[in-house]
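Scroll down for the structure; my scribbles are underneath it.
There are 2 protein chains.
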Amino acid sequence: MSIIDERVALLRSLLEKKQLDAWVINGTDPHQSEYVCPRWRTRAWISGFTGSAGTVVITKDEALLWVDSRYFIQAQQQIEGSGFVMMKVDTPSYPDPYTYLKEHLDNGAKVGFDETTLTVFAKAALEQTFADSLVLVPQADLLDRIWLDRPAVPSQPVVDLPVEIAGFSRIQKLTMVRLAMVQKGADYTLVSSLDDIAWLTNLRGSDVSYTPVFLSYLLVGKDQAWLFTDPSRFSSDLLAAVQEDFTVLDYQQVVSTIEQTIAHDSVVYYNPEKINLALYEAMKGRKAVTGRDFTTDLKASKNDTELEGLRRAHLLDGVALVNFLSRLDRTRGSYTEIELSDLLKQQRLRNPDCIGESFAPISGWAEHGAMCHYSATEESNKVVQGNGLLVLDTGGMYTFGLTDVTRTILFGTPTEEQKRDYTLVLKGNLALASMRFPEGTTGYQLDILARQFLWKQGMSYFHGTGHGIGFRLSVHEGPQVISPKPVAVPLKKGMVVSDEPGIYKEGRHGIRIENIVAVREDIQTEFGQFYSFEVLTLCPFERDLIEVSLLSAEEKAMVDSYHRWVYEELKDLVDLEALEYLKQATARL
Amino acid sequence: MSIIDERVALLRSLLEKKQLDAWVINGTDPHQSEYVCPRWRTRAWISGFTGSAGTVVITKDEALLWVDSRYFIQAQQQIEGSGFVMMKVDTPSYPDPYTYLKEHLDNGAKVGFDETTLTVFAKAALEQTFADSLVLVPQADLLDRIWLDRPAVPSQPVVDLPVEIAGFSRIQKLTMVRLAMVQKGADYTLVSSLDDIAWLTNLRGSDVSYTPVFLSYLLVGKDQAWLFTDPSRFSSDLLAAVQEDFTVLDYQQVVSTIEQTIAHDSVVYYNPEKINLALYEAMKGRKAVTGRDFTTDLKASKNDTELEGLRRAHLLDGVALVNFLSRLDRTRGSYTEIELSDLLKQQRLRNPDCIGESFAPISGWAEHGAMCHYSATEESNKVVQGNGLLVLDTGGMYTFGLTDVTRTILFGTPTEEQKRDYTLVLKGNLALASMRFPEGTTGYQLDILARQFLWKQGMSYFHGTGHGIGFRLSVHEGPQVISPKPVAVPLKKGMVVSDEPGIYKEGRHGIRIENIVAVREDIQTEFGQFYSFEVLTLCPFERDLIEVSLLSAEEKAMVDSYHRWVYEELKDLVDLEALEYLKQATARL
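So the protein sequences, as listed, match chains A and B.
When we follow the working numbering, the leftmost residue of the first sequence carries the number 1, and every step to the right adds one.
When we follow the working numbering, the leftmost residue of the second sequence carries the number 1001, and every step to the right adds one.
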């Protein structure tokens, strides 16, 4: 019996004891985090599958793992030899997990899951569809009883983000939230998403890879605010400073504090798409007003200090990128994918204000570049040599902001197709970046600007064009996106998004060009206030991949003007031996 | 006491008898029609206000009329001298009708309204917001008791749309609906929207101005289908033909038939945004599956026969337009706005296949053109003379399809601003019409293509870019639109939409250019199936308003190629004396 089968057997005996017919593990944490810390790698522990998304279902007789197309091969390999069966997400002949349970269990079957990993919204959606056939039984996580060496809730040190960097102090931000509470008639607001808490408290941690958050909950009342996180992780000075505005209690005290503190005639504001069922149960009986967390909208529009920090971060990042690019010998060199992203990382880390990478780098050579979500492993790691394209999507975390940049780098000689594809992607990037748009415009309206030139040639890409980014926080941050999905969030002054069209030709090549842009106020006319984008990213495009004949005069001027700006900003900062490369890379087309 | 005040007093005495605190009249009909027949001009009868939208609220002490900004002036004039007070829609200091009632009536106040004019969806939405404070009491229309000469349910003759024109026979269409029913597990589907019924039955009427529908309900079962409409309106031959597929019962029999025919264990499919509360009550106890009417999606994608008819209709319309344009003396002529739309109507009616206009024409001279929804009346009717722009938005109803076309016509000499504005609108029209897009693309994704050039100059327009059109039916037909609103309906082969960007400068001029386009299959590539638009409208753009220096070479070629096509198609069909105008109007830029 494999270790996996043993774990499944242990869980099954608990199911019997608890009179449950199934247990579902969605693999998230109590905070709906994009990246989870080891304690909540529940899916991997029970199934052996280490991918970043998937659902496990254990019944009396079956162990099933749902994964999406990115993971069909990896999952099949990793569950090999165990009793697990792979199920395919969004594939016609495969039902989704709950439909499967409905079809395979008796009517009224009891389906259990960890109450801290399902949101109020998700449970309501499940009940709307499955109330007739399945009984959902949220409860304390059964894995706690059988995962004996389960990692603890992490408690890495927490550091202060000074107001000189954050722009607003803790109490100023608390005041903004309290003003929003008044407008919604709320006495309290409960926040569980970690980047919202980090933003509001001006604190940063390292509990999760790349994203500098710390495990915590937050409750804001009219006069008092509670931060639930291990107090021992603060220096005594910082704890004293934080306690001026927040009562710091242990992470585990959130439920009892809610129950004891919030009077039953109080109104609580929360986001049902973020708040888990354990918190929801604790709040029961109070009047609820729901919506997006106030902090989500407040932090989305970067303040002037944050924007200044982001500009500096992008300047330093540009230096690292140009130093890196100038050192590559792209006609005769030979590197692995991982070596290349490591080299760039080292260039970034030369500056003391760089803390590390802002996300796991994507370094995809040739056909690997055609896999949008490729992440090089020791096994897949390709040698980059000969003719071809490298998609390098990386970012730096700096003291005063993060970066996220993709450049498609030519090695050797390009084909006509590669040049045309690169130029079409570039045209899309420029069209979006140079748009002017009226107040109220959403990302879904702008998205096509980046796709139009590819579409005209019968090509397309199957990801969004842009995501919001956090300030020295998460590389993916909402609520705004630039995507075909109808996310009705208007772009507002100070919002920062990526502009990253691409093209992916299976087995051949991938191309992506990503700049970060910030929404700024533009002209005001009789038709209202207009906005436009300020480009933050400083790194030359790949001029040998540009087919100039496909650019309009206006587009050519835009490339030249961008390159002139990149040159002027970086020329005194890059290594002396990189200057010649910078000059050539930014010369007029 | 005015006649209006007398009517309000009569209604108030009924309110007292019925123990109601308020009565709400939204002015729609039982079918949620865009244009209503005289019987349901309830708002006008009780208030004197004749506009196309507005809500009346009568309480014991007050008579209120809510209208939107289009009607502020007209409504104030029309309620002058009565006890009515005007309320402004979407204006900060004015609550909406139900919020007003909540604020001004006691808690638990009873609000009555005609049960046939509120949909299931609308009632649910009201209850979600006002359940705490107001009790909604749908019932038979109180106006029936006091509006002694209320017009009857219209019963104009109904005519057959032969399969040679409709493309599919009644039984073929019924089969399509029944296949869709099977997929949804439905035993019945109930349809109340008039254009859906006209499409499914291949019948056309004239109960409502412009839109050739007939008052009716439709119930489709697995083996039998019921059409509820006055049987005496059919010729005996047509009645016999229709009765091969439908049981024809009187309009008033719909409720009792539903109650008696649909078994209680049946599943009924319906659209809660269309079905009124009287029908909903009749279906109570049956299991409901809800969604858009099957017919709505089926009729949206025009079949090949319908498309062929639409092409012919647009050809005939192009002949009428060019004959009309060639007769105008635009440097010295003098016409009124109404005379001009009448002249065009007469040109259309010269062809025996033209039945009439497809909607009330918009003929707006100079500053009237800057009012999007302007409709000339005897009072407003301006004389068109001197220098200026006329916005002429009209359409013809032909035996085999309808048209909807807007041209902005220059009289005299244009200003630089007029030429630039016209050219920017034209560029938007061309950019949308020439787009290629992959399967699944929605109208909200494409919308910005028509706006982008205006936005870049700090201009915008505040209406959608395009609406769907019906086949010899409603000029506005969903579900697809080209609009910034996140209506997640993909554009499919055969869908027909308008492409009508514009610019409206208050007090100065308006510009709109509208062509009708049909979605057609384009190339298939490794990225999937692509679609593009076929332009149906045949009418020259206004060349003296085109600032050629603002067009790209590609755009210039598009205008030339469109004009060449218009010339080739129309040259043998227009009046001999119009040929010279056509030649000049379509000459190369």
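We put the CB at the ideal spot given by N, CA and C, even for glycine.
Since the model is a prediction, treat every value here as computed from it, not as a measurement.
Does residue i pass the burial test, meaning 16 or more other C-beta atoms within 10 Å, or should it be called exposed?
i, result
"residue 1527/B", "buried"
"residue 1087/B", "buried"
"residue 1027/B", "buried"
"residue 358/A", "buried"
"residue 108/A", "exposed"
"residue 226/A", "buried"
"residue 78/A", "buried"
"residue 482/A", "buried"
"residue 583/A", "exposed"
"residue 1202/B", "buried"
"residue 389/A", "buried"
"residue 1387/B", "exposed"
"residue 73/A", "exposed"
"residue 1598/B", "With chain B covering 1001 to 1589 only, the question about residue 1598/B has no answer from this structure."
Have a look at residue i and residue j and give me their C-alpha separation to the nearest angstrom.
i, j, result
"residue 1136/B", "residue 1058/B", "14 Å"
"residue 529/A", "residue 1362/B", "30 Å"
"residue 1129/B", "residue 131/A", "25 Å"
"residue 475/A", "residue 309/A", "15 Å"
"residue 524/A", "residue 1458/B", "7 Å"
"residue 47/A", "residue 212/A", "28 Å"
"residue 1076/B", "residue 1002/B", "16 Å"
"residue 113/A", "residue 1464/B", "46 Å"
"residue 206/A", "residue 156/A", "6 Å"
"residue 291/A", "residue 282/A", "19 Å"
Would residue i and residue j be called neighbours here (beta carbons separated by less than 8 Å)?
i, j, result
"residue 158/A", "residue 574/A", "no"
"residue 1240/B", "residue 1214/B", "no"
"residue 279/A", "residue 258/A", "yes"
"residue 1473/B", "residue 1480/B", "no"
"residue 518/A", "residue 302/A", "yes"
"residue 345/A", "residue 365/A", "no"
"residue 193/A", "residue 293/A", "yes"
"residue 142/A", "residue 101/A", "no"
"residue 1089/B", "residue 1064/B", "no"
"residue 1220/B", "residue 1174/B", "yes"
"residue 1341/B", "residue 1403/B", "no"
"residue 1314/B", "residue 1516/B", "yes"
"residue 83/A", "residue 71/A", "no"
"residue 1210/B", "residue 1009/B", "no"
"residue 97/A", "residue 24/A", "yes"
Would you grab the beta carbon distance between residue i and residue j for me? Rounded to a whole angstrom, and I think it's under 8 Å.
i, j, result
"residue 1406/B", "residue 1500/B", "6 Å"
"residue 1419/B", "residue 1555/B", "Actually they do not touch by this definition, with Cβ atoms about 15 Å apart."
"residue 570/A", "residue 538/A", "6 Å"
"residue 581/A", "residue 177/A", "The pair is not a contact, with the Cβ atoms about 48 Å apart (cut-off 8 Å)."
"residue 1185/B", "residue 1268/B", "11 Å between Cβ atoms; not a contact."
"residue 544/A", "residue 410/A", "5 Å"
Give me the residue from the options with the minimum Cα distance to residue i.
i, options, result
"residue 1163/B", "1359/B, 1148/B, 1184/B, 1399/B", "1399/B"
"residue 495/A", "467/A, 503/A, 429/A", "467/A"
"residue 1369/B", "1422/B, 1317/B, 1243/B, 1348/B", "1422/B"
"residue 489/A", "509/A, 115/A, 446/A", "446/A"
"residue 1029/B", "1455/B, 1018/B, 1042/B", "1042/B"
"residue 149/A", "347/A, 7/A, 298/A", "7/A"
"residue 522/A", "434/A, 209/A, 37/A, 201/A", "434/A"
"residue 444/A", "486/A, 425/A, 453/A", "486/A"
"residue 117/A", "385/A, 274/A, 452/A", "274/A"
"residue 1188/B", "1060/B, 1179/B, 1520/B", "1179/B"
"residue 1122/B", "1289/B, 1277/B, 1578/B", "1277/B"
For residue i, would you say it is in contact with chain D, using Cβ-to-Cβ distances shorter than 8 Å as the test?
i, result
"residue 484/A", "Chain labels in this structure do not include chain D; the protein chains are A and B."
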